[in-house]
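Following: one structure in structure tokens, then a few remarks.
Number of protein chains: 2
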Amino acid sequence: MSSPQPPRKDPVDAIIEQWAAVRPDLDTGAMEVFGRISRLARAMGDRLEKAYAGLGIGRGEFDVLATLRRAGEPYTLSPRQLSATLMLTTGGMTGRLDKLERAALLRRSPDPHDRRGLQVTLTEKGLDLVDRAVGAGLAAQTEALTAALDTERVGQLADLLRDLLLTTETPRS
Amino acid sequence: MSSPQPPRKDPVDAIIEQWAAVRPDLDTGAMEVFGRISRLARAMGDRLEKAYAGLGIGRGEFDVLATLRRAGEPYTLSPRQLSATLMLTTGGMTGRLDKLERAALLRRSPDPHDRRGLQVTLTEKGLDLVDRAVGAGLAAQTEALTAALDTERVGQLADLLRDLLLTTETPRS
DNA sequence: GGTAAGTCGCTTAGCGCTAAGCTAAATACA
DNA sequence: TGTATTTAGCTTAGCGCTAAGCGACTTACC
Chain A
0 MSSPQPPRKD
10 PVDAIIEQWA
20 AVRPDLDTGA
30 MEVFGRISRL
40 ARAMGDRLEK
50 AYAGLGIGRG
60 EFDVLATLRR
70 AGEPYTLSPR
80 QLSATLMLTT
90 GGMTGRLDKL
100 ERAALLRRSP
110 DPHDRRGLQV
120 TLTEKGLDLV
130 DRAVGAGLAA
140 QTEALTAALD
150 TERVGQLADL
160 LRDLLLTTET
170 PRS
Chain B
0 MSSPQPPRKD
10 PVDAIIEQWA
20 AVRPDLDTGA
30 MEVFGRISRL
40 ARAMGDRLEK
50 AYAGLGIGRG
60 EFDVLATLRR
70 AGEPYTLSPR
80 QLSATLMLTT
90 GGMTGRLDKL
100 ERAALLRRSP
110 DPHDRRGLQV
120 TLTEKGLDLV
130 DRAVGAGLAA
140 QTEALTAALD
150 TERVGQLADL
160 LRDLLLTTET
170 PRS
């Protein structure tokens, strides 16, 4: 009879133990999940930042390029569609587009059907860069994942996270 | 034979389908995990922000108060200890402490053993506020969690996240 | 005991974001 | 048809953070 997983302690376990010592009345169960989610998001964010830095862009800029790439040919969306997809204000979007346009990774052109609007389109250079960046980002994520979990547990984790995301994200405030 | 969980689609599934259409060569498995983690962190962050807003503080300020609270009596740490624990630069820490000291939730006093250093201590008001805030925050997290998963699946999720966090966070850069 | 190196908290400049408000253009309504 | 409302993207002010660098102070080493 061997325990298959040596139950190592992580930083969130340490925090929960501290709470138990000073506030034993608290139910800290939810921290086991959301505390780890929060730390994982930050840690992987830092790793992705590094992965993209080699290509001269940040994570925010990558998200814009990737959204255009996913849209498929002709890789064109409006600033409005982009800011809605990326949950960003129009002010923030203007800044990202300025930077990416300066780097010649995309271009802005007038919307032929609406003189208020613009079309944002990936350039050849932007298309090439995002195709390399998405590979680098996925490699970084896959590496962290396979170092920790086998295929079956990855699938379990993905399913649990899906169910949690569906109830956590959607309740429109 | 009934499928126990109707496999609903979430926003991350939609993004992965988009990638499959334009880049079928990509292995997007890792996005199933880290894409959801990233969105969950943001969604719960927004909820916590709201929970604390009723008490007049933001999430960053709560983290400072909570760290002092967890330290136990006399609820005292140095700015250096706080910024290390919260993964914050000293500049950012100065700003948070300024704000919290102005609100009389903590006070700064000289370190008797090191004339360079300070001691940061929770006031009575700060202790009272953080004890109410931690309850509100845990309630928000518990609500989201129990709406999605039963006790057994919460335990599975916590274990999977622990293993992933241990390999993802620790590789010191 | 004197000097070099390290550490303390703070200041400043710069970045990326939000919130609020702007003008121009499209749309709905009497 | 004219007027009111909505929607487009941009600008500005303010916030909270990092990175870099400061003076004050402590520690390590010879």
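Just so you know, the sequences run in chain order A and B. Those letters in the first sequence? Residues 0 to 172, per numbering that gives the first Met the number 0, in order. Those letters in the second sequence? Residues 0 to 172, per numbering that gives the first Met the number 0, in order. For every residue, glycine included, the Cβ atom is placed at its ideal position computed from N, Cα and C.
By a beta-carbon distance limit of 8 Å, Ala147/A contacts Thr166/B. Their separation comes to about 4 Å. For the set Val153/A, Leu159/A, Gly154/A and Glu151/A, the Cα lying nearest the Cα of Glu151/B is the one of Leu159/A. Arg22/A sits in coil when the DSSP states are folded into three classes, being neither helix nor strand. Under the DSSP assignment, Thr120/B falls in the beta strand (DSSP E) whose first and last residues are Leu117 to Leu121. The segment 16-24 of chain A and the segment 15-31 of chain B do not touch, with fewer than 3 CB-CB distances between them shorter than 8 Å. Contact between Ser77/B and Leu117/B is confirmed by a C-beta separation of about 6 Å, below the 8 Å threshold. Note on the segment 64-96 of chain B: there is no whole beta strand (DSSP E) run with a minimum of 3 residues.
Listed by position along chain B, the residues whose Cβ is nearer than 8 Å to that of Ile36/A are Ile36, Leu39, Ala40, Met43 and Leu160.
Relative to the Cα of Leu54/B, the nearest Cα in the group Met43/B, Leu99/B, Gln155/B and Asp162/B belongs to Leu99/B.
Of the residues Arg41/B, Ile14/B and Arg46/B, the one whose Cα lies closest to the Cα of Glu31/B is Ile14/B.
In this structure, Leu164/B sits near Leu39/A, with a CB-CB distance shorter than 8 Å. Under a criterion of Cβ atoms nearer than 9 Å, the residues of chain A adjacent to Arg69/B are, in order, Ile14, Gln17, Trp18, Ala20, Val21 and Arg22. A straight line joining the alpha-carbon of Glu48/B with that of Leu128/B spans about 15 Å. For Arg106/A, the secondary structure class from DSSP, reduced to helix, strand or coil, is strand.
Residue burial annotation: Ala138/B is exposed, with fewer than 16 other C-beta atoms found within 10 angstroms of its C-beta.
For Arg152/A, the enclosing alpha helix (DSSP H) starts and ends at Thr150 to Glu168. Flagged as an interface residue toward chain B: Thr141/A, by a C-beta distance shorter than 8 Å. In this structure, Tyr51/A sits away from Ala143/A, with a CB-CB distance that is not shorter than 8 Å. Listed along chain A, the residues sitting closer than 7 Å to Gln155/B by beta-carbon distance are Gln155 and Leu159. Taking 8 Å as the cut-off, the beta carbon of Lys124/B is found no closer than this to the beta carbon of Ala157/B.
Here the alpha carbons of Gly34/B and Gln140/A stand approximately 10 Å from one another. For Gly136/B, the three-state secondary structure derived from DSSP is helix.
Residue environment for Asp149/B: exposed (fewer than 16 other C-beta atoms within 10 angstroms of its C-beta). Between the alpha carbons of Leu67/A and Gly71/B lies a gap of roughly 50 Å. Straight across, the Cα-Cα distance linking Leu96/B with Asp162/B is about 34 Å. When rounded, the separation of the alpha-carbon atoms in Gln155/B and Gln155/A is 9 Å. The beta carbons of Arg69/B and Trp18/A sit closer together than 8 Å. If you draw a straight line from the Cα of Glu60/B to the Cα of Asp26/A, it comes to about 22 Å.
Met30/B belongs to the set of residues whose beta carbon lies under 8 Å from a beta carbon in chain A.
Inter-residue distance for Arg101/B and Arg107/B is about 11 Å (C-alpha atoms, whole angstroms).
For the segment 109-124 of chain B, the set of positions with a beta-carbon nearer than 7 Å to some beta-carbon of chain A is empty.
In the three-state reduction of the DSSP assignment, Leu126/B falls in the helix class. For Asp9/A, the chain B residues whose Cβ falls inside 7 Å of its Cβ are Arg161, Leu164 and Leu165, in order along the chain. For Ala83/A, the closest Cβ of chain B is not nearer than 8 Å.
With respect to the 8 Å criterion, Ile36/B and Ile36/A are classified as neighbours on the basis of their beta carbons.
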